[in-house]
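Numbering (my numbering), first residue to last: 11 to 342.
Cβ coordinates follow ideal geometry from the N, Cα and C atoms, glycine included.
The model shown is predicted, which means the values in this text are computed figures rather than measured ones.
Notes follow the structure.
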Amino acid sequence: MFLGIDIHKREAQVAVRNDDGDVIEQVRVENTDLDEIGQQYAGGEALLEATTNYFYIYDMLSEYLDVVVGHPPKLKAIARTDKKTDKVDAEELSRLLWLGSVPESYVPTDEIRECRALVRGRISLLEDRTSFANKIHSLLLDNGITRRVKPLSVKGQAFLEKLSLPPPWDELLSSYLAVIETLTAEIEQLDDRIEERAKGLRETQLLMTIPGIAHYSALVIYAEIGEIGRFDRAKEVVRYVGLNPVIRESGDSRFEGGISKKGPGKVRWLLVQAVHSAVHTVEDEYLSRFYHRIERRKNKQKAAVATARKLLVSIYHMLDCDEVYDPPGVSA
């Protein structure tokens with residue numbers, strides 16, 4: 011049997027096809043009851059889309075079915091219908107599965123999921139803290155205070171705590187500062203857990219041998235890239251992270267544009283930061299020579315991106331070969 015399962019927040023639409031390709035059942039169930047569907051069609055195959063809440067459903071159904079997770083944009087590209095109803099979507103998923111035409115999406119291991127939860131949780135807390143810092147900036151402007159204040163710095167907080175504002179802005183300022191203090195404490199606790207996790211993983215230990223890559227950066231790179239064995243070549247990792255140049259061809263002309271920027275943007279940002287550290291702080295000869303060569307031909311931004319791509323290729327080989335960072339020497 012071939013099950014196409016269209017997942018929503020609380021419910022799922024299930025279409026079931028037999029070996030002849032005929033739809034024999036359409037049913038809508040609560041997500042928590044999908045295990046009963048799995049038991050009913052145990053030994054069959056199922057196709058889910060990689061939605062935000064698919065992990066626990068994948069784990070639940072995998073006990074009974076051979077579950078495949080489809081890549082949403084690629085699924086839409088090959089689907090034969092433009093109709094958008096749950097029943098139609100479920101039937102189309104079951105059809106693609108029956109035909110064996112499923113562009114699969116990577117399903118992270120439990121370890122990778124845990125690492126992703128840690129680093130993404132930290133990012134979320136940082137964004138929340140920045141949001142409250144911005145609220146303080148707005149509050150100050152509302153009261154005609156144009157002085158540049160950094161609410162997250164010790165100096166900035168000391169200034170804000172002594173500031174006298176009329177109600178209700180005084181109460182709001184106190185509340186915002188209290189939230190920032192709480193979030194900062196939570197981020198520091200999470201940093202301890204991230205450091206502990208990074209120290210316990212071989213992959214992150216290897217990544218931390220790269221100048222400019224510390225515990226958090228290493229865990230982000232490992233968590234977002236996933237198991238390196240799923241890539242056959244360095245180019246695949248570069249494409250996955252979105253550092254590959256966009257190529258456009260027409261007739262005899264070929265144009266190479268900017269990078270695709272598909273994939274985990276946080277990894278791209280961290281790699282560029284590592285490049286700046288390698289080039290301008292620790293003066294890594296291997297990366298510095300490459301960076302300055304590109305910079306002379308183009309500009310600093312393109313040099314940083316190209317060097318980040320080169321660093322990512324090195325990371326692929328490090329993880330693939332289980333080796334520390336040891337770039338080739340560059341003769342003078």
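- [ ] Would you mind working out which of Tyr74, Val112, Asp201 and Leu149 sits nearest Leu128, comparing C-alpha positions?
- [x] The candidate whose alpha carbon is nearest that of Leu128 is Asp201.
Task: Assigned secondary structure, Glu295 (DSSP; H/G/I helix, E/B strand, else coil) - done: Looking at Glu295 - three-state DSSP - the assignment turns out to be helix.
Task: Straight-line Cα distance separating Leu85 from Glu67 - done: According to the sequence displayed, residue 67 carries Ile and not Glu. For Ile67 and Leu85, the gap between their C-alpha atoms comes out near 19 Å.
Task: Residues bridged to Gln36 [DSSP beta-bridge criterion] - done: Gln36 is bridged to Ala25.
Open item on the list: Output needed for Asn254: all residues of its chain with C-beta closer than 7 Å, excluding positions within five of it in sequence on either side, in chain order.
Closed with: Hits under 7 Å: Val248, Ile269 and Ser270.
Task: Gly222 in three-state terms, based on DSSP - done: DSSP places Gly222 outside both helix and strand once states are collapsed to three, so it counts as coil.
Open item on the list: Considering just the uninterrupted stretch of the alpha helix (DSSP H) at Phe65, what are its terminal residues?
Closed with: Run containing Phe65: Tyr64 to Ser72, per the alpha helix (DSSP H) assignment.
TODO: Pick helix, strand or coil for Gly110, following the three-state DSSP scheme.
DONE: Reduced to three states, the DSSP call for Gly110 is coil.
- [ ] State the start and end residues of the unbroken alpha helix (DSSP H) segment that holds Gly131.
- [x] Boundaries of the alpha helix (DSSP H) harbouring Gly131: Asp120 to Asp152, taken from the DSSP string.
TODO: Name the two residues that bound the continuous alpha helix (DSSP H) containing Gly80.
DONE: Premise fails: Gly80 lies in the beta strand (DSSP E), Asp76 to Gly80, not in any alpha helix (DSSP H).
Task: Euclidean distance between Cα positions of Lys209 and Leu329 - done: Distance between Lys209 and Leu329, taken at the CA atoms: about 16 Å.
- [ ] Taking all protein chains shown into account, decide if Asp76 is buried (16 or more other Cβ within 10 angstroms of its Cβ) or exposed.
- [x] Around the C-beta of Asp76, fewer than 16 other C-beta atoms lie within 10 Å, and the residue is accordingly described as exposed.
TODO: Would you list the residues sitting across from Glu59 in a DSSP beta bridge?
DONE: Glu59 pairs with Gly80.
Task: Minimum C-alpha distance to Pro82 - residue among Glu73, Leu71 and Leu103 - done: The candidate whose alpha carbon is nearest that of Pro82 is Leu103.
- [ ] Quick one: residues in its chain with C-beta nearer than 6 Å to the C-beta of His286, no 5 flanking neighbours on either side, listed in chain order?
- [x] Excluding sequence neighbours, His286 sits near nothing in its chain.
Task: From Tyr116, Gly80 and Cys125, residue whose alpha carbon lies closest to that of Gly110 - done: When C-alpha distances from Gly110 are compared across Tyr116, Gly80 and Cys125, the shortest belongs to Gly80.
TODO: Report the residue from Thr119, Gly14, Pro177 and His225 whose alpha carbon sits nearest the alpha carbon of Lys97.
DONE: By alpha-carbon distance to Lys97, the top candidate from Thr119, Gly14, Pro177 and His225 is Gly14.
- [ ] Report yes if the C-beta distance between Tyr51 and Leu58 is below 8 Å; otherwise report no.
- [x] The answer is no: Cβ separation not under 8 Å.
Task: With 16 other Cβ atoms within 10 Å as the buried cut-off, status of Trp279 - done: Flag for Trp279 reads exposed.
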